[in-house]
Amino acid sequence: MRTSYAPSDGMDAHVESPLSPDEDMDEWRSTYAIGDAQGCFDDLLRLLDKVDFDPHTDRLWFTGDLVNRGPNSLEILRFVRGLGNSAVTVLGNHDLYLLAAAAGSAETKKKDSIADVLNAPDCEDLLFWLRHQPLIHHDEQLGYTMVHAGLPPQWDLEAAQARARELETVLQNPNYEEFFKHMHGDKPRRWRDDLEGWERLRFIANCFTQLRYCDRDGRLALDGKGAGRSARKRVMPWFEVPDRASAGLAILFGHWAALSQRDIRTPGVYHLDTGCADRGDFTALRLEDRRYFRKRCRNEAYP
Ligand SMILES: [Mn+2]
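Numbering (this note's numbering), first residue to last: 4 to 306.
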């Protein structure tokens, strides 16, 4: 990794010219998909050291939740933004929570660690950048699709992209703060094409950023249980729903630190959140050869 990216050098958050592959290169060398970073910036740098990341030839994909819980949310945002088109990130629930908190629509909690972002001189720039990030990323050439949490069984790629664009459009609108007054809640539970207004947007946000369990009809069970004992038996991880419309995709996601690799027997499902903020591991998957890299998190200063 280039040492100029060490935090002591102070990342410039105002990099205007995005990095791109060197001119004599036809394509990027390697693409590393990285699980939820959650403010663990120093550990992220150690992981990038391990894979010998070079921002001029390699790309990083992040499964979202760049911020909160870990100690260095501000540095992570500046770093990923500064990478320009060498980095892709999708929005997670903690990212939306940060935006909601800045908009005065979230009660901050004791264990939050987003104050450094909210008090930073470049807060406005960083949050503007953050709310322009997508909810889904699909790369046809590499053959991967990435979301933070999950997809309901009714949505194929095209539907998921269209639903993501609806919410992205709202988040990128000057009146975006209004959405956060209506974001919270676990209803509606089931997708219908004729859902409208805040209910429609809330369902979309819940799928992309919160979903873990649902039933075979796509009713979200955001508390992990569903209603009643019989429903509990019927809920399953979203990726195990039979006849899921997105089954043909290779899907990268995070959000579910308690899920272990052993729990996943569904082909094409790549889970990357290994709980770095809870002194777990950082996980990266190199997409070109599907090789995993892991780094134990220490939450100590780099190096
Ligand atoms: Mn999450």
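Virtual Cβ for every residue (Gly too), placed ideally from N, Cα, C.
- Under a three-way DSSP split, which group does T111 fall into? Coil, per DSSP.
- Could you spell out where the beta strand (DSSP E) holding D159 opens and where it closes? From DSSP, D159 is part of no beta strand (DSSP E); its letter is neither H nor E.
- Message: Counting C-beta neighbours from all protein chains within 10 Å, is the total for L288 16 or more, i.e. buried, or is it exposed?
- Response: Sixteen is the threshold: when 16 or more other Cβ atoms of the shown chains lie within 10 Å of the Cβ of L288, as they do, the residue is buried.
- Item | Distance cut-off 6 Å: D68 Cβ against heavy atoms of ligand 1 | Yes, the Cβ of D68 comes within 6 Å of a heavy atom of ligand 1.
- Message: For the pair the region 150 to 160 and the region 203 to 216, tell me if three or more CB-CB distances fall below 8 Å.
- Response: With the rule of 3 Cβ pairs closer than 8 Å, the region 150 to 160 counts as touching the region 203 to 216.
- Proximity of D281 and G38 at Cβ, strictly below 7 Å: Here D281 is not near G38, since their CB atoms are 7 Å or more apart.
- Message: For ligand 3, is there any heavy atom lying closer than 6 Å to the beta carbon of T277?
- Response: No copy of ligand 3 occurs in the structure displayed; its ligands are ligand 1 alone.
- Between K114 and K298, is the Cβ-Cβ spacing less than 7 Å? No, the pair does not count as a contact, with Cβ atoms beyond the cut-off.
- Message: Please list the terminal residues of the continuous alpha helix (DSSP H) segment that includes A103.
- Response: Segment N96 to A105, the alpha helix (DSSP H) holding A103.
- Task: Can you give me the start and stop residues for the beta strand (DSSP E) that W132 sits inside?
- Result: Unbroken run through W132 is the alpha helix (DSSP H), C126 to L133; no beta strand (DSSP E).
- Query: Is there contact between the region 59 to 70 and the region 257 to 276, where contact requires at least three CB pairs shorter than 8 Å?
  - Reply: In short, these stretches touch, since the Cβ pair count reaches three.
- Query: What do you reckon, are the CB atoms on D45 and Y295 nearer than 7 Å?
  - Reply: By the CB criterion at 7 Å, D45 and Y295 fall outside the cutoff.
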